[in-house]
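The structure appears below as structure tokens.
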Amino acid sequence: MRTDLQFEFTVDKPNKTVHFTREFDAEPSLVWDAFTKAELLDQWWAPQPFLSKTKVMEFKEGGRRFYAMVSPDGAERWAVQKYLAINPKTHFKFFNTFADKDENMEMPGSEWDFNFKEHNGGTLVSISIYNESLERMERILEMGFKEGMTMTLGHLEALLERLHEAR
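Numbering of the sequence shown is given in the working numbering, commencing with residue 143 and proceeding in unit increments.
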């Protein structure tokens, strides 16, 4: 397992955008699947000690993922991701917002733009998150977004390693 994997995280407040890039020691098709298949997403898309629970996943343009982050005591924080664009294996974009258990969305939200490319025998994933409001972005950053995403992407790295070993 490589220990020199790239990770960058930047905040651009004037443009209400967070950008991060993360390198994974796994082939692009496996990394793509981990971001686009519910059974894999639910194994890593949450910082510890939370779990991810997908209720609906339609990975297609115009489709959506409706899921909850579940705390150890069972409290659920729901969110909706509406898929805006998909270019298989290289790019997808979704609109993301918190919601209640009945899928009533809480605005404002954010647009997440994902790019995948082969890099140094592994995969480089670049994610840009444009927030509809500076206040929303600042609130999420104050809640520990960078630390949570760092931990969550670490869970993905561990999952990719297990999947690779199982092949």
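We put the beta carbon where it would ideally sit given N, CA and C, even for glycine.
Values in this document were obtained by computation on a predicted structure and should not be read as measured data.
May I have the straight-line CA-CA distance separating V198 from S275, to the nearest angstrom?
What you label residue 198 is simply residue 56 of the sequence shown in a count that begins at 1. What you label residue 275 is simply residue 133 of the sequence shown in a count that begins at 1. Between V198 and S275, the C-alpha separation is close to 27 Å.
May I ask whether a heavy atom of the ligand ADP can be found less than 7 Å away from the beta carbon of E245?
Only the bare structure without any ligand can be found here, which leaves the ligand ADP out of the picture.
With a Cβ-Cβ cutoff of 8 Å, do V222 and M247 count as a contact?
Working through the sequence shown from its first residue, we reach residue 222 at position 80. Working through the sequence shown from its first residue, we reach residue 247 at position 105. It is a contact, given that the beta carbons lie within the stated cut-off.
Decide if E299 is buried, meaning its Cβ has at least 16 other Cβ atoms within 10 Å, or exposed.
Translated into the one-based positions of the sequence shown, residue 299 becomes position 157. The residue is buried, with at least 16 neighbouring Cβ atoms inside 10 Å.
Taking its Cβ as the centre, do 16 or more other Cβ atoms sit within 10 Å of T178, making it buried, or is it exposed?
If you number the sequence shown from 1, residue 178 lands on position 36. By the 10 Å Cβ count, T178 comes out buried.
Would you call N157 buried or exposed, if buried means 16 or more other Cβ atoms sit within 10 Å of its Cβ?
Walking along the sequence shown from the start, residue 157 turns up at place 15. Exposed.
Cutting at 7 Å between CB atoms, please list the residues of its own chain near Y225, excluding the five before and the five after it.
For this step, residue 225 is matched to residue 83 along the sequence shown. Hits under 7 Å: F201, K202, E203, G204, G205, R206, F234, F236.
Just to confirm, is the Cβ distance from T294 to N257 under 8 Å?
Here the question's residue 294 lines up with position 152 in the sequence shown. Here the question's residue 257 lines up with position 115 in the sequence shown. Against a cut-off of 8 Å, the Cβ pair of N257 and T294 comes out as no contact.
So, with DSSP's three-state summary, where would you put A308?
Against the sequence shown, residue 308 aligns to sequence position 166. The answer is helix: DSSP assigns A308 an H, G or I state.
Does the beta carbon of E307 come closer than 8 Å to any beta carbon on chain D?
The structure shown contains no chain D; it holds only a single protein chain.
Is DSSP giving G296 helix, strand or coil here?
Here residue 296 refers to the residue found at position 154 when the sequence shown is read from its first residue. Of the three classes helix, strand and coil, the one that applies to G296 here is helix, per DSSP.
Indicate the three-state DSSP secondary structure (helix, strand or coil) for F201 in the structure shown.
Looking up residue 201 in the sequence shown gives position 59. DSSP places F201 in coil when its eight states are reduced to three.
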